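Okay, structure first, notes after.
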Amino acid sequence: MPESKLFDDEFMNRLNYLNIVSKHMIPGHLHGEHRAKKKTDSGIEFADYRQYVSGEDTKNVDWRTFLRLDKLVLRMFEEDADLPIYIFFDCSKSMDHGDPSKYDFARKIAAALAYIGLLNHDRVSLVGFADGIAQEMSARKGKTQIWRAFNFLESVEAGGETSMLKAFRNFFSARRRRGLVVVVSDFLDETGWDKAFDMLRFYKQDLFAVHVYTTDEEHPDLPDEVLLEDAESGNTERIKVTPGLLDAYAEVFAEHCEEVNAYCRKNGYGYVRCDTELPFEDLILRVFRQGRFLG
Amino acid sequence: MSFLSLSPAMAGLLLAATAASVVVLYWLKPPPKRVVVPSNLLWNRLLREKKKKTFLDRLRWWISLLIAIAIGLSVATALGRPELGSGDNEIRDITVVIDNSATMATRSSDGYTRWEHAVNEARELLQQGSAGGRFLIVDTAGQAPPTEASDRGSALEVLEGLNVSLGGESQFPMLAASDGELYFVSDGVMVDDVPPEAIIVSVFEAADNVGITAFEIRSVPVSPLEYQAFLEVTNASPGPKDVSIRISGSGGGRLGEDITLQPGESQGRTINLSSFDRGPVRVAVTSDADAFVADDYAFSFLPVRNRTVVVLVSPGSIYLESLLLIEPRVAVDFKTPQEYAAGVPADVYIFDRWAPPTPPPGPALLFLPPDVSWLVPTLEIVESPEVMGWNAAHTLLQFVSLEDLRVDRAARISPLASTDGSADLADIIVGSPSLPLIVATENPEKVLRVSFALEESNFPLQPGFPIFISNALSWMMDEQVALTSVPGRVEVPLAAATVVDLEGNEMVTWTVADRTVFVADEPGLYTAARGTRRLRVAVNLADRERSAVNATSFGAGVQAASISQPLGAAQPAGWGDELWILLLTIATLLVIVEWFTYHRRLTV
Numbered sequence: 001m002p003e004s005k006l007f008d009d010e011f012m013n014r015l016n017y018l019n020i021v022s023k024h025m026i027p028g029h030l031h032g033e034h035r036a037k038k039k040t041d042s043g044i045e046f047a048d049y050r051q052y053v054s055g056e057d058t059k060n061v062d063w064r065t066f067l068r069l070d071k072l073v074l075r076m077f078e079e080d081a082d083l084p085i086y087i088f089f090d091c092s093k094s095m096d097h098g099d100p101s102k103y104d105f106a107r108k109i110a111a112a113l114a115y116i117g118l119l120n121h122d123r124v125s126l127v128g129f130a131d132g133i134a135q136e137m138s139a140r141k142g143k144t145q146i147w148r149a150f151n152f153l154e155s156v157e158a159g160g161e162t163s164m165l166k167a168f169r170n171f172f173s174a175r176r177r178r179g180l181v182v183v184v185s186d187f188l189d190e191t192g193w194d195k196a197f198d199m200l201r202f203y204k205q206d207l208f209a210v211h212v213y214t215t216d217e218e219h220p221d222l223p224d225e226v227l228l229e230d231a232e233s234g235n236t237e238r239i240k241v242t243p244g245l246l247d248a249y250a251e252v253f254a255e256h257c258e259e260v261n262a263y264c265r266k267n268g269y270g271y272v273r274c275d276t277e278l279p280f281e282d283l284i285l286r287v288f289r290q291g292r293f294l295g
Numbered sequence: 001m002s003f004l005s006l007s008p009a010m011a012g013l014l015l016a017a018t019a020a021s022v023v024v025l026y027w028l029k030p031p032p033k034r035v036v037v038p039s040n041l042l043w044n045r046l047l048r049e050k051k052k053k054t055f056l057d058r059l060r061w062w063i064s065l066l067i068a069i070a071i072g073l074s075v076a077t078a079l080g081r082p083e084l085g086s087g088d089n090e091i092r093d094i095t096v097v098i099d100n101s102a103t104m105a106t107r108s109s110d111g112y113t114r115w116e117h118a119v120n121e122a123r124e125l126l127q128q129g130s131a132g133g134r135f136l137i138v139d140t141a142g143q144a145p146p147t148e149a150s151d152r153g154s155a156l157e158v159l160e161g162l163n164v165s166l167g168g169e170s171q172f173p174m175l176a177a178s179d180g181e182l183y184f185v186s187d188g189v190m191v192d193d194v195p196p197e198a199i200i201v202s203v204f205e206a207a208d209n210v211g212i213t214a215f216e217i218r219s220v221p222v223s224p225l226e227y228q229a230f231l232e233v234t235n236a237s238p239g240p241k242d243v244s245i246r247i248s249g250s251g252g253g254r255l256g257e258d259i260t261l262q263p264g265e266s267q268g269r270t271i272n273l274s275s276f277d278r279g280p281v282r283v284a285v286t287s288d289a290d291a292f293v294a295d296d297y298a299f300s301f302l303p304v305r306n307r308t309v310v311v312l313v314s315p316g317s318i319y320l321e322s323l324l325l326i327e328p329r330v331a332v333d334f335k336t337p338q339e340y341a342a343g344v345p346a347d348v349y350i351f352d353r354w355a356p357p358t359p360p361p362g363p364a365l366l367f368l369p370p371d372v373s374w375l376v377p378t379l380e381i382v383e384s385p386e387v388m389g390w391n392a393a394h395t396l397l398q399f400v401s402l403e404d405l406r407v408d409r410a411a412r413i414s415p416l417a418s419t420d421g422s423a424d425l426a427d428i429i430v431g432s433p434s435l436p437l438i439v440a441t442e443n444p445e446k447v448l449r450v451s452f453a454l455e456e457s458n459f460p461l462q463p464g465f466p467i468f469i470s471n472a473l474s475w476m477m478d479e480q481v482a483l484t485s486v487p488g489r490v491e492v493p494l495a496a497a498t499v500v501d502l503e504g505n506e507m508v509t510w511t512v513a514d515r516t517v518f519v520a521d522e523p524g525l526y527t528a529a530r531g532t533r534r535l536r537v538a539v540n541l542a543d544r545e546r547s548a549v550n551a552t553s554f555g556a557g558v559q560a561a562s563i564s565q566p567l568g569a570a571q572p573a574g575w576g577d578e579l580w581i582l583l584l585t586i587a588t589l590l591v592i593v594e595w596f597t598y599h600r601r602l603t604v
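Structure, rendered in structure tokens:
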């Protein structure tokens, strides 16, 4: 792989470190076991019993139990299944803000999660979205696909407005397997991020929302009178900055974050807020602690 | 409210311009800074909620503008030096004549001088006037500049610039007729002729004073090489006083005497100074609770007392020979022109109708000298010249009258046509520039040239001739008793001289005609020098009138100032007097408020 600015050696070392740490965090996380196991009537590993229903194949009837209890029960087995992981990262213009920029931070998060997923033999899809799907890397499996994923992430440029709903509609209108949808975004979506999440709920996808923002975005340092220009639309708003206004803005920002968090909590989805000034390792470990990726 | 520095129209214009400038500056605020944010989504949501609060935002702007205008108006108003009216609408013009004669330096029982009380009273009188009135401060010593009545601030400035004048004449000034009120603040001691319309404010309080009313050093008439001092001490106190007199001089000479003086009594002393060396002599008197210091000490100068060796070179002059023989200070050596040889040692050389071809090694007195290279040539011989005038103030003519001087024949010389460029040092003692009869020069030795022969005039027959010769010898030996003067403006008969006091501090001087003038604020011995010539001036109060600090002419009916009120605890000026201070304080507070609220985004 050519020398990369975004995913340099230091970043790779961090990922390796995170991979090792993640295995210690979740006992039994070895050999690429999957979180979703399907109970079938064939397989090697016994999982459970269930009541026999008339008309079913009798090859899995446990006759020993029938003789002992005089009941027909079927033996069920677990079958390993790979987990589709759809990683959506926001590449709208609003993400190209801050130092370090939210966009670079989001891509690093996406890269880290893709790395973990591929190491766990999951099928990882990477989707850059803005006003719809900007670029997409189709599902990949196996750790050999890691460099491809990194190359893809580096190739996507930030730009355009945000419409998460349009992106999800485009993506999931094609038949997709149920899996884990990771959305890395600032959720500053005029069309409504909640509508987009409703669509995921409709498709019965699991969701993990990573909310990226900068400290400057949470507590802006503005002069007394300022012309605010929207990075995406170019619209301007002239305001007179007062301590009260800044406090009110901080409240609105907190409300915005809490709304996303509340939606996820209500629907059993994962949610993590991350300031771009947070150490990257801490952030990923917080994601792991949510328990959705590992174990 | 009125303004001390500005007319009402100017003040209004200044305030309007200030307010307009502040408002314009507010409108000319720089355009807002453009800041790119990721999204206006949250800001729009916030501003929708805040729309109802825009009135408060507008109020903030107005509050900020009003604070800025208030700051500007406060500073502008303070520049106009405003004052509040005294309450009555009547315009009062006030003239205050303040006495700054010597006795005003007398200290009162509260520790402050009569002068300090007088200034306080004058200030109070000025403050009592109406805001729009006109005020004038005049003093009895002529220190105040001759101005017309103006605003109170200018009058107060004049008042602050005045001080006690120990010397000089004090008199009630001539004032233009006015309808205003006339006050005279004084102790009533030295100023008479107070007009009846003047309202007298007395700062008199009886005080103790023992002072030196005379002090002079003179040679003993019967023995000119010896000097003695005459001292007079006067008790001007209401009661008897024990007085200690101490005289000190160069060479460690000291004399002392303790005496008792009854009220009004003066005692004179003649003091033998034989134990004193050449140099300054200081006398001081001390007594208990003395309230007037300026007359407690006096100075003079004791000259040298060596016998002067004089060489008289003359073909024969009965007048000079006779006079020099009886002059006790002189050891005379008579020589004819043939006997004179350059290098004859002497303190003074006198050449009568003859002059050597080269200058003598010391000071010289010449009578009708012939033309030689080192003297100004004779232009012509004038028959029966008229004596046009003489410099009576010059040391050489001290106690010499020339009223009856007649000259038969005189040489006309031009003192400006000096051969060596030293004409600027020529001093015409007798005669006019067109016909100088006696001329003194110093280059570098002193030369006194008389342009006529004694035998061709009646000068030797004048009573002042011996005195003139004595003065000439003293002048040429540069040892004279000190000139005397009172404190104040002192004139020295020496042009463009530098003047130093006893400590060597150089005084500020200026030249008026052929004199040097300086101001001596207090008694002392001053030395004026130009080239090798030195004159000493003993500046002493030494005046019975000035020492009589209790000789007030004010009767019992005179309005007395509140002497008992301690000046040190004087009340601070009211805001009505110094309104500009209040305004600047307000402006400062408003700046602090604006700074505080601005940094907390309470104002814009």
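So the protein lines, in turn, are chains A and B.
Numbering-wise (the numbering used here), the first sequence opens with residue 1 and increments by one.
Numbering-wise (the numbering used here), the second sequence opens with residue 1 and increments by one.
For each residue, glycine too, the CB sits at the ideal point set by N, CA and C.
Because the structure is a prediction, the values reported are computed rather than measured.
(message) Within the continuous beta strand (DSSP E) that includes Tyr213 (chain A), where are the two ends?
(response) The residue given as residue 213 (chain A) occupies position 213 in the first sequence. Segment Asp206 to Tyr213, the beta strand (DSSP E) holding Tyr213 (chain A).
(request) From the DSSP output, read off the bridge partner residues of Gly256 (chain B). (result) Taking the second sequence and counting its residues from 1, one reaches residue 256 (chain B) at position 256. Answer is B:Arg246.
(message) Within the continuous beta strand (DSSP E) that includes Gln51 (chain A), where are the two ends?
(response) Stepping through the first sequence from its first residue, residue 51 (chain A) is reached at position 51. Glu45 to Gln51 is the span of the beta strand (DSSP E), which, as asked, contains Gln51 (chain A).
(request) Go ahead and label Trp510 (chain B) buried or exposed: buried means 16 or more other beta carbons lie within 10 angstroms of its beta carbon, across all protein chains shown. (result) To locate residue 510 (chain B), count along the second sequence from 1; it is residue 510. Exposed, because fewer than 16 other Cβ atoms sit within 10 Å of the Cβ of Trp510 (chain B).
(message) Can you pull the chain A neighbours of Arg45 (chain B), defined as C-beta to C-beta under 7 Å?
(response) In the second sequence, counting from the first residue as 1, residue 45 (chain B) sits at position 45. What Arg45 (chain B) touches in chain A: Val252.
(request) Could you check which residue in A:Glu154, A:Asp131 and A:Arg123 has the C-alpha nearest to that of Ile109 (chain A)? (result) For this step, residue 109 (chain A) is matched to residue 109 along the first sequence. Here the closest residue by C-alpha is A:Glu154.
(message) Does any residue of chain A have a CB that is nearer than 9 Å to the CB of Arg34 (chain B)?
(response) Along the second sequence, read from residue 1 onward, the residue named residue 34 (chain B) stands at position 34. With respect to chain A, the C-beta atom of Arg34 (chain B) has a partner C-beta closer than 9 Å.
(message) In whole angstroms, give me the CA-to-CA distance for Ser186 (chain B) and Ser108 (chain B).
(response) Indexing the second sequence from 1 puts residue 186 (chain B) at position 186. Indexing the second sequence from 1 puts residue 108 (chain B) at position 108. When rounded, the distance between both Cα atoms is 13 Å.
(message) To the nearest angstrom, how far is the alpha carbon of Glu506 (chain B) from that of Ala497 (chain B)?
(response) Position 506 of the second sequence, counted from the start, is the residue given in the question as residue 506 (chain B). Position 497 of the second sequence, counted from the start, is the residue given in the question as residue 497 (chain B). Roughly 11 Å between the two C-alpha positions.
(request) Give a yes or no on whether the minimum CB-CB distance between Glu49 (chain B) and chain A is below 9 Å. (result) Working through the second sequence from its first residue, we reach residue 49 (chain B) at position 49. Answer yes: the Cβ-Cβ gap between Glu49 (chain B) and chain A drops below 9 Å somewhere.
(message) Tell me which residues of the region 90-103 of chain A have at least one Cβ-Cβ distance to chain B shorter than 7 Å, keeping chain order.
(response) Answer in chain order: Ser94 and His97.
(request) List the DSSP bridge partners of Phe150 (chain A). (result) As a working note, residue 150 (chain A) is residue 150 in the first sequence. Answer by DSSP bridge pairing: none, since Phe150 (chain A) is not bridged.
(message) Can you check whether the C-beta of Arg60 (chain B) is within less than 9 Å of a C-beta belonging to chain A?
(response) For the purposes of this step, residue 60 (chain B) is identified with residue 60 of the second sequence, where counting begins at 1. Interface residue, yes.
(message) Residues of chain A with CB closer than 7 Å to the CB of Pro38 (chain B), please, in chain order.
(response) Mapped onto the second sequence, residue 38 (chain B) falls at position 38. The answer, in chain order, is Ser94, His97, Asp186, Leu188, Glu217 and Ala231.
(request) Provide the residue(s) that pair with Arg269 (chain B) in DSSP beta bridges, ordered along the chain. (result) Taking the first residue of the second sequence as 1, we reach residue 269 (chain B) at position 269. Within the DSSP bridge table, the entry for Arg269 (chain B) names B:Leu231 as partners.
(message) Tell me which residues of the region 256-275 of chain A have at least one Cβ-Cβ distance to chain B shorter than 9 Å, keeping chain order.
(response) Against chain B - using a Cβ distance shorter than 9 Å - the residues of the region 256-275 of chain A are His256.
(message) Can you confirm whether Leu245 (chain A), when its beta carbon is compared against all beta carbons of chain B, has any partner nearer than 9 Å?
(response) Your numbering for residue 245 (chain A) matches position 245 in the first sequence. Chain B contact via Cβ: present.
(request) Have a look at B:Ile94, B:Val593, B:Asn120 and B:Ala17 and flag the residue whose alpha-carbon is nearest the alpha-carbon of Gly199 (chain B). (result) The residue labelled residue 199 (chain B) in the question sits at position 199 within the second sequence. Reading off the sequence, residue 199 (chain B) comes out as Ile, not Gly. Minimum Cα distance to Ile199 (chain B) is reached at B:Ile94.
(message) According to DSSP, is Cys91 (chain A) part of a helix, a strand, or is it coil?
(response) Indexing the first sequence from 1 puts residue 91 (chain A) at position 91. Correct three-state label for Cys91 (chain A): coil.
(request) Out of B:Phe468, B:Tyr319, B:Glu383 and B:Pro356, state which residue places its alpha-carbon closest to the alpha-carbon of Trp390 (chain B). (result) Along the second sequence, one-based indexing puts residue 390 (chain B) at 390. Taking the Cα of Trp390 (chain B) as reference, the smallest distance to any Cα among B:Phe468, B:Tyr319, B:Glu383 and B:Pro356 is reached at B:Phe468.
(request) Taking 8 Å as the threshold, find out whether the region 198-218 of chain A comes into contact with the region 245-257 of chain A through three or more Cβ pairs. (result) Touching, per the Cβ criterion.
(request) Rounded to whole angstroms, what's the CA-CA distance from Ala528 (chain B) to Arg329 (chain B)? Just pull it up for me. (result) Mapped onto the second sequence, residue 528 (chain B) falls at position 528. Mapped onto the second sequence, residue 329 (chain B) falls at position 329. Computed Cα separation, rounded: 26 Å.
(message) Alpha carbons only, please: which of B:Ile381, B:Leu379 and B:Pro357 is nearest the one belonging to Ser373 (chain B)?
(response) Indexing the second sequence from 1 puts residue 373 (chain B) at position 373. The residue with the shortest Cα to Cα distance from Ser373 (chain B) is B:Pro357.
(message) Let me check understanding here. Comparing Cα to Cα, which of A:Glu225, A:Glu281 and A:Ala248 lies closest to Lys240 (chain A)?
(response) As a working note, residue 240 (chain A) is residue 240 in the first sequence. With distances taken between Cα atoms, Lys240 (chain A) lies closest to A:Glu225.
(message) Under 9 Å, Cβ to Cβ, is there at least one residue of chain A near Leu608 (chain B)?
(response) Past the boundaries of the shown model lies residue 608 (chain B); chain B is included only from 1 to 604, so the question cannot be answered.
(request) Find the nearest neighbour of Gly98 (chain A) within the set A:Ala231, A:Ala248 and A:Asn235, judged by alpha-carbon distance. (result) Here residue 98 (chain A) is taken as the residue at index 98 of the first sequence, counted from 1. Taking the Cα of Gly98 (chain A) as reference, the smallest distance to any Cα among A:Ala231, A:Ala248 and A:Asn235 is reached at A:Ala231.
(message) Just verifying my parser: in three-state terms, what is the DSSP assignment at Arg107 (chain B)?
(response) Position 107 of the second sequence holds residue 107 (chain B). In the three-state reduction of the DSSP assignment, Arg107 (chain B) falls in the strand class, which pools E and B.
(message) Which residue marks the beginning of the alpha helix (DSSP H) containing Arg114 (chain B), and which one marks its end?
(response) Within the second sequence, residue 114 (chain B) is the residue found at index 114, counting from 1. Run containing Arg114 (chain B): Arg114 to Gln128, per the alpha helix (DSSP H) assignment.
(message) Helix, strand or coil, according to DSSP, for Glu10 (chain A) in the structure here?
(response) Sequence index remark: in the first sequence, residue 10 (chain A) carries index 10 (1-based). Glu10 (chain A) falls in the helix class under three-state DSSP.
(message) Less than 9 Å between the C-beta atoms of Phe299 (chain B) and Val281 (chain B), yes or no?
(response) Taking the second sequence and counting its residues from 1, one reaches residue 299 (chain B) at position 299. Taking the second sequence and counting its residues from 1, one reaches residue 281 (chain B) at position 281. Yes. Within cutoff.
(request) Name the one or two DSSP bridge partners that Leu525 (chain B) has. (result) Taking the first residue of the second sequence as position 1, residue 525 (chain B) is located at position 525. B:Ala538, per the DSSP bridge assignment.
(request) Taking C-beta pairs closer than 9 Å, name the residues in chain A that Leu15 (chain B) reaches, listed in chain order. (result) Sequence index remark: in the second sequence, residue 15 (chain B) carries index 15 (1-based). Ordered by position in chain A, no residue passes the 9 Å Cβ test against Leu15 (chain B), which lies about 28 Å from the chain.
(request) Look at the alpha carbon of Ala573 (chain B) and the alpha carbon of Ile69 (chain B), and state the distance between them as a whole number of angstroms. (result) Indexing the second sequence from 1 puts residue 573 (chain B) at position 573. Indexing the second sequence from 1 puts residue 69 (chain B) at position 69. For Ala573 (chain B), the predicted structure reports a pLDDT of 48, less than 50, and the residue's modelled location is therefore unreliable. A value from the coordinates is still provided. The alpha-carbon separation between Ala573 (chain B) and Ile69 (chain B) amounts to approximately 28 Å.
(message) Tell me the rounded alpha-carbon separation between Ala423 (chain B) and Pro377 (chain B).
(response) Within the second sequence, residue 423 (chain B) is the residue found at index 423, counting from 1. Within the second sequence, residue 377 (chain B) is the residue found at index 377, counting from 1. Below a pLDDT of 50, predicted positions are generally treated as unreliable, and Ala423 (chain B), at 44, falls in that range; no measurement from the model is reported.
(message) Per the DSSP calculation, Glu607 (chain B) is bridged to which residue(s)?
(response) Here chain B comprises residues numbered 1 to 604, so residue 607 (chain B) is not present and cannot be evaluated.
(message) Here's a check: name, in chain order, each residue in its chain whose Cβ is nearer than 8 Å to the Cβ of Ser274 (chain B), leaving out the five neighbours to either side.
(response) The residue you call residue 274 (chain B) lines up with position 274 of the second sequence. So the list reads Glu226, once near-sequence residues are dropped.
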